[in-house]
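First residue of the sequence shown? That's 11 in our numbering, and the numbers climb one at a time after it.
For glycine and all other residues, C-beta sits at the position ideal for the given N, C-alpha and C.
Keep in mind it's a predicted model, so treat the numbers as computed, not measured.
These notes are about the structure you will find just below.
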Amino acid sequence: MNHFLDINKTDPAELRKIIDTARSMKEARNGYLRGKHDDDLPLKDHIVALIFEKPSTRTRVSFDVGVRQMGGQTMVLSGKEMQLGHGETIADTARVLSRYVDLIMIRTFEEQTLLELAEYADVPVINGLTDRTHPCQIMADILTFEEHRGPIAGKKVVWSGDGNNVFASFAHAAGQFGFDLTFTGPESLDPEMEFVTQARAKGSNVVIERDPVKAMQGADLVVTDTWVSMHDPQSARERRHNQLRGYQVNDELMSHAKPDALFMHCLPAHRDEEATSAVMDGPHSVIFDEAENRLHAQKAVMRWCLGV
Ligand code: CP
Ligand code: NVA
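Okay, structure coming up:
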C-alpha cells in the first residue's frame with residue numbers, strides 16, 4: 011500500500027518520480043491555474059476523503075482542487091463533526107472509511123492518529139500535517155526550489171526560528187534529496203534530535219548554529235515558519251516571541267545569505283513577526299509559488315498513492 015506518511019518513509023527514487031510527475035502535470039496545464047480539468051483524468055471514479063482536525067486554507071483547497079482537476083470527487087470532513095471526535099476509535103474509523111472512499115488525507119494532532127489510520131485502512135493515507143511533520147509542504151517546496159534554481163542536491167538550506175513540524179520534514183527531505191540543512195534558533199526550540207541524526211546518517215550536513223548571521227553564510231534557501239504552531243499552547247506565545255525575536259528573517263539577515271538565495275514560508279505567516287513584509291514581498295521570496303505548488307505536488311502524491 012502506497013501511504014504517503016513522511017518523506018523519510020518513501021524511497022528517494024519514488025520521491026523523485028513524484029516531483030517529476032508534478033512538474034510535468036503542471037507544465038501540461040500550460041499556465042492554467044483555475045477552471046480547467048487535466049487532459050487525462052487519472053482520478054476519474056475515485057472519491058477522496060479529506061479529514062481536518064485543525065484549521066487549514068492551503069491544504070484544504072489545494073487537495074480539493076487537485077482531486078477535481080484530475081476528475082475525482084472529494085468529501086471534506088471536520089474531525090469534530092465525525093464520530094472520531096466523539097470517541098469512535100481511529101481503527102474503526104479507518105476500516106469504515108475504507109469501505110466508502112479510495113484515498114484518505116488527514117490533518118491531525120498526534121502522529122499516532124495518522125499511523126493508526128494507515129495501519130487499519132485498506133486504502134492509501136496521506137499526511138496533511140501532524141504536530142510532528144508536514145511532508146506535502148516540503149514536496150511543494152522542493153518542486154518550487156528546483157523550478158527556480160535547478161537540482162536541490164548539494165544546496166544549503168537554512169531554517170531560522172522554531173524547530174517545528176515543517177522543519178522536521180525539511181530534515182527528512184535533506185536526507186532523501188541530498189541537501190545540507192542548517193538550523194538556527196534558540197536551544198529551547200531545537201528540533202527533535204532524531205530528525206537531525208537521521209538526516210546526518212543519510213549524508214546530509216546538518217548543522218545547529220545559534221548565531222543567525224553565521225548560519226546564513228552560503229545559504230541557497232532561507233526558510234522560516236510561524237513562531238507558535240497550531241499545536242502549541244497559546245500561553246507559550248510571549249516567551250517564544252522573546253526567544254525568537256533575534257531570528258526574524260528581515261532584509262539585514264537575508265543580506266548574509268547568497269545574493270540569489272530564495273526565501274520560503276509555508277504560510278500562514280504572521281507578517282513582521284517571523285519574517286518582515288519587506289522579505290515576504292521582496293525579490294528573494296517565492297512564497298506564492300510555494301503555495302501554488304502544493305496543488306501540483308499533491309496531485310502527483312495522490313497519483314503515486316493510487317498507482318494511476
Ligand atoms: N501551509 C499550510 O499547510 O497551510 P494551511 O494550514 O492553510 O493548510
Ligand atoms: N508549523 C505550523 C505549520 C502550519 C501550516 C503549524 O503546525 O501550525
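(request) Measuring alpha carbon to alpha carbon, tell me which of 45, 256, 126, 110 ends up nearest residue 15. (result) On the sequence shown, residue 15 is found 5 positions in, with the first residue counted as 1. Per the Cα distances, 126.
(request) Within 10 angstroms of the Cβ of residue 250, are there 16 or more other Cβ atoms? Answer buried if so, exposed if not. (result) Position 240 of the sequence shown holds residue 250. Per the 10 Å Cβ criterion, buried.
(request) Could you please give the first and the last residue of the uninterrupted alpha helix (DSSP H) stretch that includes residue 70? (result) As a first step, residue 70 must be located in the sequence shown, where it is residue number 60. That run of the alpha helix (DSSP H) goes 68-79.
(message) Restricting to Cα atoms, I'd like to know which of 271, 311, 205 is closest to residue 293.
(response) In the sequence shown, residue 293 corresponds to position 283, counting from 1. Ranking 271, 311, 205 by Cα distance to residue 293 puts 271 first.
(request) For the beta strand (DSSP E) holding residue 60, just list the boundary residues, first then last. (result) Position 50 of the sequence shown, counting from 1, holds the residue named residue 60. Residues 57-62.
(message) On a Cα-Cα basis, can you pick out the residue from 219, 220, 205 that is closest to residue 213?
(response) Position 203 of the sequence shown, counted from the start, is the residue given in the question as residue 213. Among 219, 220, 205, the Cα nearest to that of residue 213 is on 205.
(message) For residue 102, count the other beta carbons within 10 Å of its own beta carbon; 16 or more makes it buried, fewer makes it exposed. Which is it?
(response) In the sequence shown, the residue the question calls residue 102 occupies position 92. Under this definition residue 102 is an exposed residue.
(request) Could you check what DSSP says for residue 187 in three-state terms: helix, strand or coil? (result) Counting from 1 along the sequence shown, the entry for residue 187 is found at position 177. Looking at residue 187 - three-state DSSP - the assignment turns out to be helix.
(request) Tell me whether the beta-carbon of residue 140 lies closer than 8 Å to the beta-carbon of residue 124. (result) Here residue 140 is taken as the residue at index 130 of the sequence shown, counted from 1. Here residue 124 is taken as the residue at index 114 of the sequence shown, counted from 1. For the 8 Å CB-CB criterion, residue 140 and residue 124 form a contact.
(request) Would you give the residue range spanned by the beta strand (DSSP E) that residue 169 belongs to? (result) The count along the sequence shown starts at 1 and reaches residue 169 at position 159. 166-170 is the span of the beta strand (DSSP E), which, as asked, contains residue 169.
(request) Find the nearest neighbour of residue 83 within the set 93, 97, 90, 60, judged by alpha-carbon distance. (result) Within the sequence shown, residue 83 is the residue found at index 73, counting from 1. For the residues 93, 97, 90, 60, the minimum Cα distance to residue 83 belongs to 60.
(message) Counting beta carbon pairs with one atom in the stretch 62-75 and one in the stretch 220-234, are three or more of them shorter than 8 Å?
(response) Fewer than three pairs of CB atoms, one per stretch, sit closer than 8 Å, so the stretch 220-234 makes no contact with the stretch 62-75.
(message) Using 8 Å as the cut-off, can you tell me whether the stretch 227-246 makes contact with the stretch 168-175, which would need three or more C-beta pairs spanning the two stretches below that distance?
(response) yes
(message) Please report the straight-line C-alpha distance between residue 243 and residue 108, rounded to a whole angstrom.
(response) Start at 1 with the first residue of the sequence shown, and residue 243 comes out as number 233. Start at 1 with the first residue of the sequence shown, and residue 108 comes out as number 98. Cα to Cα, residue 243 sits roughly 34 Å from residue 108.
(message) Considering only heavy atoms of ligand 2, does any lie closer than 7 Å to the CB of residue 240?
(response) Walking along the sequence shown from the start, residue 240 turns up at place 230. Checking the Cβ of residue 240 against ligand 2 gives yes.
(request) Would you give the residue range spanned by the alpha helix (DSSP H) that residue 107 belongs to? (result) Working through the sequence shown from its first residue, we reach residue 107 at position 97. Per DSSP, the unbroken alpha helix (DSSP H) holding residue 107 starts and ends at 100-107.
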